[in-house]
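Respectively, the protein sequence lines represent chains B and Y.
Counting from -9, one number per residue, gives the positions in the first sequence under the working numbering.
Counting from 18, one number per residue, gives the positions in the second sequence under the working numbering.
We put the CB at the ideal spot given by N, CA and C, even for glycine.
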Amino acid sequence: MQVREIFETMAYGPAPESAAEALAWLVDQGGRLGHFIDGAFTDPGRGFDTCNPATGEVLAHVTQATPDEVAQAIDAARRAQPRWEKLGGAGRARYLYALARLLQKHARLFAVLETLDNGKPIRESRDIDIPLAQRHFYFHAGMAQVMDEALSGRVAIGVCGQIVPWNFPLLMLAWKIAPALAMGNTVVLKPAEYTPLTALLFADICRQAGLPRGVVNIVTGDGAVGEAIVAHPGIDKIAFTGSTEVGRAIRRATAGSGKALTLELGGKSPYVVFEDADLDSAVEGLVDAIWLNQGQVCCAGSRLLVQESVAADFTARLKARMDRLRVGNPLDKCIDVGAIVDPAQHDRITRMVEANTAGTVYRAATDLPATGCFYAPTLITGLAPADPLMHEEIFGPVLVQTTFRTPAEAVALANDSRYGLAATLWTENINLALSVAPQLAAGVVWINATNLFDAAAGFGGQRESGFGREGGWEGLAAYTRPAGTRAKLTQVSATEGQGGPVEGIDRTAKLYVGGRQARPDGGYCRAVYGRSGKILGHAPLANRKDVRNAVEAARGAASWARTTGHLRSQILYYIAENLSARAGEFAARLDAMQGGRRGAAEVEAAVQRLFTYAAWADKYDGQVHGVPIRGIAMAVKEPVGVIGALCSDEAPLLGLVSAMAPALAMGNRVVLVASEPYPLAATDFYQVLDTSDVPAGVVNILTGAHADLAPTLAGHLDVDAVWSFSSSDLSATIEDLSAGNLKRTWVNYGLARDWTRADSAAFLAAATEIKNIWVPYGE
Amino acid sequence: MTQTHLQAAQLPTVAPARNPGMPLDMAWVRAVQANTSAIERRVATLPGRRSVKGPHQAAWLLRAITCIDLTTLAGDDTAGRVARLCAKARQPVRHDLLAALDMPPVTVGAVCVYHDMVAPAVAHLEGTGIPVAAVSTGFPAGLSPFHLRVAEIEESVRAGAAEIDIVISRRHVLGGDWQALYDEMRAFRAACGEAHVKAILATGELGSLRNVARASLVCMMAGADFIKTSTGKESVNATLPVTLSMVRAIRAYHARTGVAVGYKPAGGISKARDALIYLALIKEELGDAWLRPALFRFGASSLLGDIERQLEHHVSGYYSAGHRHAAG
């Protein structure tokens, strides 16, 4: 075009970033890439082509890992791990620092290669993906440096199998590898089938950094390779980012294996606009929320909730903004929306949108390239919560919208989802913002901003968006474990005995549900005998309906989560006081059931435990993370919700109290299943609870067979977490059934716990979820 | 001279209807919000999102030249100094560069001076079609007696100024006295008669982007044809966040009334690259209609020199030097 003509049209014109260097790198690799195992690239083998979705051109041939190759990679990681850990934090920090530096030196090569392979605009890979990946390595170089000082008592988990998605290939690699390496783990990482190239370039820079061989291993391939990694017994921990469906399968596959697991899964994150928001900025925020990376973002603000009073105005502004989005060649520096990663994804998005018959569909009035895998930015207004697209993750540039009337309704609609990854809210009213943010079921909340990320702030979800955090201090928990080994736990069986009358007046132990003693639904009980063989009483046998009732009562006691730490601590102290007042009676009961004379010590320990968590109730503070914005990211510790706990068999009172007290202190409600062989300490405890101002439904206690109750509890879709300290072998069952709603699990894998130690750090962490609330500010 | 006439004929700029203003709508004014950090993020990422290269860049830079209010506002201005400036305004780009770009002649958007320099400027620009803009109303502080400020406008219009850049009373904004701001602006607008009026908000002194956005709206309601960031004399002048706040106000006003109000960032824009970013921001937020001198001006004195050097680089492939281009 002539200058004279452009002077009139004021068109943008092309601004292409050169692909030459990245293509040259691929040519240097022979256009065919193997795996990176034990510090060297393997010969390329049978596999598949990886393509540029913007053009359909083949970029390179990549190898499908065989089970043998996966095993070799895991063996290499296994061999490398002890020395890598022994190198020490400062030693590892040097390598992480070198990796960060090298990522920075080769920043443009990484960015262009990412854009070629994935289809995302070069602006994003250059300005977002690669800088955040660098930042992650710098940040975790620092974490390695301070580990010995700041995380004493924590050690590496071992060999980590890491499976990353195609939407942020290098960034997700960085999120996985940097913390793992910092904490002394070694890794076997599988990049996504669609986007393996930057992971292999990263392998190249691992060589340049002189990283000891075997510390980082990269194997390429499809889901079968991922399955092989998950199934391999040489893996100590699986970290997965991807779809909820696959995450669920991994949860089931690893159930009972003892492999640590973190899952960062799908979402349908709400984007809430209140009437007093800066509407133009909120519209602009949506560009980053749902059109960043073509909407292929797990935390995309894909559900727009607008206050009715401004909805028409907002929609008009939004449509005008959509029309200005430039869709096209991802390597063009003047493009907003690039290519969908693969035709299969494009088809999926197309099918979902076409299947929708509700609302009004608006497609941006913007030109699309004639060829390549492009999808127009799309808005569907006027949907109702009952419409499927309000719930299903589209994973594309499609925004769905509905309206709300009040802040309470906004919260209700925002939380009307199985997911809980992120949420965005816009208001100029600090009172509104800070009251709504804690009510949102989301691991990350952005106030007057969206899709802000940083290595210093944890990222991860609630509900079916997965569990575990990546980034920040909270992210390190996923890559460390407490030092030391634990003994095996032996099954504790109930004492056998004779029938006959109970001494004194017959007492009927019941279940404790919703603040009342309730007879078991099934109408059965079992005799509890003392060491002497004498009958001590009868304990009800709860069934699945009793579990249902208990969970319902716990769910109903939601206001407990909103009480102050001070109040909860007062109530825990009160429980301790009342238990202490009846110490003799409880000690006698424990001794009668278990034999010996350890009852008094156990009661005293239980009183102490209550004091400990009463103390923690108002002291287990969140953090303010040092993120690089003018603003704050508050890591708030919130209760998990409804926790089901199969309590210790061997410490009938102390075990019960040790599970209950931290959960209560943090604002959770509990369904406790008492010690199976020795249930009467728990049934005696009801009266202590009754006299200690514990609100109805906050604590519910069932007695019965752990093996019968655990599946119902673990499979219950309204339970947020299940803990098991049972001496019955239930870990596999619980983890398997927990996959239904991806509830958090904390099980013992048949290992014993020393109940005389509080181990508050572990209990408090299990009783809380960290929510990062980002609050940019400035006037 | 003939050529410039020709250019004016070739490139007719459809002058948008003047802004008649509207009654002060306080509900609207109070509802205006401007979230500073979000606005900053938008403008911080804009240069990375919009890139203009090659012939497009050359064309855009030429367009920028046509939108420059070539300005001298110094105590030592003389008729001779203004004559030189006017000569530069008529022929801002070397003829050989325009020829190489196959471009007809271009001129700057206007020449902007103090009142006493209006007459010499008008004389030196006679027949060119280039308007003379006068800064007015006790520029830059705007604290002289109100009747004198109104009289100053009238004097400048009589002297031949086609555009009047008034300064608002910042105290009305800082005190939340929107009615007073509206009334003042109304009076200035009336005093301008046929001359177009640009309202200088002195955004660096308004305290917040919310105030900037609200003051923009009030001035438009009172009939400003253009809203302008600053006098160039404040410690902070045109910035991208301020620009975004003001152009969004223009967009809202246009959406509500159908009237297109112009925008003029002034002070601190001295690089060709900055000019491209501003043009991209205007294109994104307001649309192509605003990429014309009738609706967009740069208040700048040194910007032109950098653009000339960039144009020569585009033509020759070699980086240029300042002395290769005529002084203004």
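At 7 Å on the CB atoms, spell out the chain B contacts of Thr53 (chain Y), in chain order. In the second sequence, residue 53 (chain Y) corresponds to position 36, counting from 1. What Thr53 (chain Y) touches in chain B: Gly768 and Glu769.
Write down every uninterrupted run of the beta strand (DSSP E) in the region 395 to 481 of chain B whose length is 3 residues or greater and which is fully enclosed by it, in chain order. 412 to 416, 434 to 437 and 470 to 472
Secondary structure at Gly687 (chain B), three-state DSSP: helix, strand or coil? Numbered from its first residue, the first sequence carries residue 687 (chain B) at position 697. Coil.
Interface residues of chain B around Ile56 (chain Y) at Cβ under 9 Å? Taking the first residue of the second sequence as position 1, residue 56 (chain Y) is located at position 39. Those within 9 Å of Ile56 (chain Y) in chain B are Asp268, Asp270, Ser271 and Glu274.
Less than 8 Å between the beta carbons of Ser716 (chain B) and Leu646 (chain B), yes or no? Locating residue 716 (chain B) in the first sequence gives position 726, where the first residue counts as 1. Locating residue 646 (chain B) in the first sequence gives position 656, where the first residue counts as 1. No.
Using a C-beta cutoff of 8 Å, does Glu301 (chain Y) count as contacting chain B? Counting from 1 along the second sequence, the entry for residue 301 (chain Y) is found at position 284. It does; some Cβ of chain B falls within 8 Å.
Taking DSSP as the reference, what is the three-state secondary structure of Leu654 (chain B)? On the first sequence, position 664 is the one that residue 654 (chain B) refers to. Leu654 (chain B) falls in the helix class under three-state DSSP.
Show which residues of chain B have a CB atom less than 8 Å away from the CB atom of Gln327 (chain Y). For this step, residue 327 (chain Y) is matched to residue 310 along the second sequence. Residues of chain B passing the Cβ test: none, with the nearest at roughly 13 Å.
Give a yes or no on contact between the region 134 to 153 of chain B and the region 28 to 46 of chain B, applying the rule of three or more CB pairs nearer than 8 Å. They do not touch, by the three-pair rule.
Alpha-carbon spacing of Pro29 (chain Y) relative to Glu(-5) (chain B), whole angstroms: The residue given as residue 29 (chain Y) occupies position 12 in the second sequence. The residue given as residue -5 (chain B) occupies position 5 in the first sequence. Confidence is the limiting factor: at Pro29 (chain Y) the pLDDT is only 42, short of 50, which leaves the residue's position unreliable and the question unanswerable from this model.
Is the CB of Ala75 (chain Y) under 8 Å away from at least one CB in chain B? Indexing the second sequence from 1 puts residue 75 (chain Y) at position 58. Output row for Ala75 (chain Y): interface = yes.
Indicate whether the contact test is met: 3 or more Cβ pairs, each with one atom in the region 239 to 247 of chain Y and one in the region 208 to 226 of chain Y, closer than 8 Å. yes
Among Y:Trp195, Y:Ser225 and Y:Glu171, which residue has its Cα nearest to the Cα of Thr154 (chain Y)? Counting from one through the second sequence, the residue named residue 154 (chain Y) turns up at place 137. Checking every option, the nearest Cα to that of Thr154 (chain Y) belongs to Y:Glu171.
Spell out whether any CB of chain Y is found under 8 Å from the CB atom of Ala756 (chain B). Mapped onto the first sequence, residue 756 (chain B) falls at position 766. With 8 Å as the cut-off, Ala756 (chain B) does not count as an interface residue toward chain Y.
Count the other CB atoms within 10 Å of the CB of Val17 (chain B); is the residue buried (16 or more) or exposed (fewer)? Walking along the first sequence from the start, residue 17 (chain B) turns up at place 27. Result: exposed.
Give the range of the alpha helix (DSSP H) segment to which Ile(-4) (chain B) is assigned. Here the question's residue -4 (chain B) lines up with position 6 in the first sequence. Here the alpha helix (DSSP H) through Ile(-4) (chain B) covers Val(-7) to Thr(-1).
Within 10 angstroms of the Cβ of Ile495 (chain B), are there 16 or more other Cβ atoms? Answer buried if so, exposed if not. Locating residue 495 (chain B) in the first sequence gives position 505, counting from the first residue. Flag for Ile495 (chain B) reads exposed.
Would you report the Cα separation of Thr231 (chain B) and Trp156 (chain B), rounded to the nearest angstrom? Walking along the first sequence from the start, residue 231 (chain B) turns up at place 241. Walking along the first sequence from the start, residue 156 (chain B) turns up at place 166. If I take the Cα positions, the gap works out to 10 Å.
So with Cβ pairs under 8 Å, would you call Lys281 (chain Y) a contact of chain B? Taking the first residue of the second sequence as position 1, residue 281 (chain Y) is located at position 264. Chain B, which has no Cβ nearer than 8 Å to the Cβ of Lys281 (chain Y), makes this no.
Whose C-alpha, out of Y:Glu211, Y:Val184, Y:Thr274 and Y:Gly210, is nearest the C-alpha of Tyr199 (chain Y)? Within the second sequence, residue 199 (chain Y) is the residue found at index 182, counting from 1. Per the Cα distances, Y:Val184.
Between the region 534 to 547 of chain B and chain Y, which residues of the former have CB atoms less than 8 Å from a CB of the latter, in chain order? none
Counting pairs of Cβ atoms below 8 Å between the region 468 to 475 of chain B and the region 487 to 503 of chain B, do you hit three or more? No: the two stretches stay apart, fewer than three of their Cβ pairs being nearer than 8 Å.
DSSP on His73 (chain Y), reduced to helix/strand/coil? On the second sequence, residue 73 (chain Y) is found 56 positions in, with the first residue counted as 1. Reduced to three states, the DSSP call for His73 (chain Y) is helix.
So, does the region 339 to 352 of chain B touch the region 240 to 250 of chain B, judging by three or more C-beta pairs under 8 Å? no
Find the residues of chain Y that neighbour Phe230 (chain B), judging by a C-beta separation of less than 7 Å, and give them in chain order. As a position in the first sequence, residue 230 (chain B) is number 240, starting the count at 1. Under the 7 Å cutoff, chain Y gives no residues; its nearest Cβ is about 31 Å from Phe230 (chain B).
Can you pull the chain Y residues whose beta carbon is under 8 Å from the beta carbon of Asp326 (chain B), in chain order? Position 336 of the first sequence, counted from the start, is the residue given in the question as residue 326 (chain B). Ordered by position in chain Y, the residues that pass the 8 Å Cβ test against Asp326 (chain B) are Arg66.
From Ala398 (chain B) to Ala348 (chain B), what distance separates their C-alpha atoms? Sequence index remark: in the first sequence, residue 398 (chain B) carries index 408 (1-based). Sequence index remark: in the first sequence, residue 348 (chain B) carries index 358 (1-based). C-alpha separation (whole angstroms): 25 Å.
Contact under 8 Å by Cβ, Leu703 (chain B) with Val712 (chain B): For this step, residue 703 (chain B) is matched to residue 713 along the first sequence. For this step, residue 712 (chain B) is matched to residue 722 along the first sequence. Cβ atoms of Leu703 (chain B) and Val712 (chain B): closer than 8 Å.
Hey, could you find the ends of the alpha helix (DSSP H) Arg58 (chain Y) is sitting in? Position 41 of the second sequence, counted from the start, is the residue given in the question as residue 58 (chain Y). It spans Thr53 to Arg66 - the alpha helix (DSSP H) in which Arg58 (chain Y) sits, taken as one unbroken run.
Quick one: list the residues of chain B neighbouring Asp305 (chain Y), beta-carbon separation under 7 Å, in chain order. Position 288 of the second sequence, counted from the start, is the residue given in the question as residue 305 (chain Y). Chain B residues near Asp305 (chain Y): Met0.
Coil, strand or helix - Pro29 (chain Y) by DSSP: Your numbering for residue 29 (chain Y) matches position 12 in the second sequence. The pLDDT assigned to Pro29 (chain Y) is 42, lower than 50, so where the model puts this residue is not dependable; a value taken from the coordinates is nonetheless given after this. Three-state result, Pro29 (chain Y): coil.
Chain Y residues whose Cβ lies nearer than 9 Å to that of Asn438 (chain B): Locating residue 438 (chain B) in the first sequence gives position 448, where the first residue counts as 1. Under the 9 Å cutoff, chain Y gives Asn52, Ser54 and Ala55.
If we count the other Cβ atoms within 10 Å of its Cβ and call it buried at 16 or more, is Ala355 (chain B) buried or exposed? As a position in the first sequence, residue 355 (chain B) is number 365, starting the count at 1. Classification of Ala355 (chain B): exposed, given that the 10 Å Cβ count is below 16.
So Val(-7) (chain B) contacts chain Y; which residues on that side make the cut at Cβ distance below 8 Å? Sequence index remark: in the first sequence, residue -7 (chain B) carries index 3 (1-based). Residues of chain Y passing the Cβ test: Pro72, Ala75, Ala76, Leu79, Leu118, Asp119 and Met120.
Near-chain Y residues of the region 608 to 631 of chain B - C-beta to any C-beta below 8 Å: Ile619, Arg620 and Gly621
Distance, Cα to Cα, Gly433 (chain B) vs Ser259 (chain B)? The sequence position of residue 433 (chain B) within the first sequence is 443, counting from 1. The sequence position of residue 259 (chain B) within the first sequence is 269, counting from 1. Their Cα atoms are separated by approximately 10 Å.
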